[in-house]
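Basically the working numbering = 1-based index in the sequence shown + 635.
Contents: one structure, followed by commentary.
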Amino acid sequence: KATLQDMHVYLRRLGLDLNDAPSPSSSSFSSQPPPLILHVTGTKGKGSTLSLCESLLRRHHNLHTGMFTSPHLVDIRERIRIDG
Numbered sequence: 636k637a638t639l640q641d642m643h644v645y646l647r648r649l650g651l652d653l654n655d656a657p658s659p660s661s662s663s664f665s666s667q668p669p670p671l672i673l674h675v676t677g678t679k680g681k682g683s684t685l686s687l688c689e690s691l692l693r694r695h696h697n698l699h700t701g702m703f704t705s706p707h708l709v710d711i712r713e714r715i716r717i718d719g
């Protein structure tokens with residue numbers, strides 16, 4: 636739960652608030668396709684797996700990507716990556 640709360644804090648720092656997301660009943664929600672979410676778990680290789688997936692989605696499918704990882708290795712700012 637702490638990691639999810641941390642993600643909300645970091646997103647607010649970026650000017651994003653999940654409470655402002657459209658609800659399923661709103662007209663703006665239905666006009667957009669649902670987001671594609673990849674949740675990678677395990678003990679080794681998550682970062683490289685996500686980097687590969689992100690690269691494929693961006694280069695070959697022209698999609699915008701966002702990545703949240705935990706824990707950080709050196710600097711806390713490396714946890715969130717938007718479009719590479």
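Don't be surprised by glycine CBs; every beta carbon is placed ideally from N, CA and C.
Between the CA atoms of residue j and residue i - distance to the nearest angstrom
i: L708; j: G701; result: 18 Å
i: R647; j: N654; result: 10 Å
i: H643; j: I715; result: 11 Å
Endpoints, the beta strand (DSSP E) within which residue i is located
i: R714; result: Premise fails: R714 is in no beta strand (DSSP E) and is neither H nor E.
i: G701; result: G701 to F703
8 Å CB neighbourhood of residue i in its chain, flanking five on each side removed
i: D718; result: R693, H699, T700 and G701
Endpoints, the alpha helix (DSSP H) within which residue i is located
i: G682; result: K681 to H696
Three-state secondary structure (DSSP) of residue i
i: V644; result: helix
i: L671; result: coil
i: T638; result: helix
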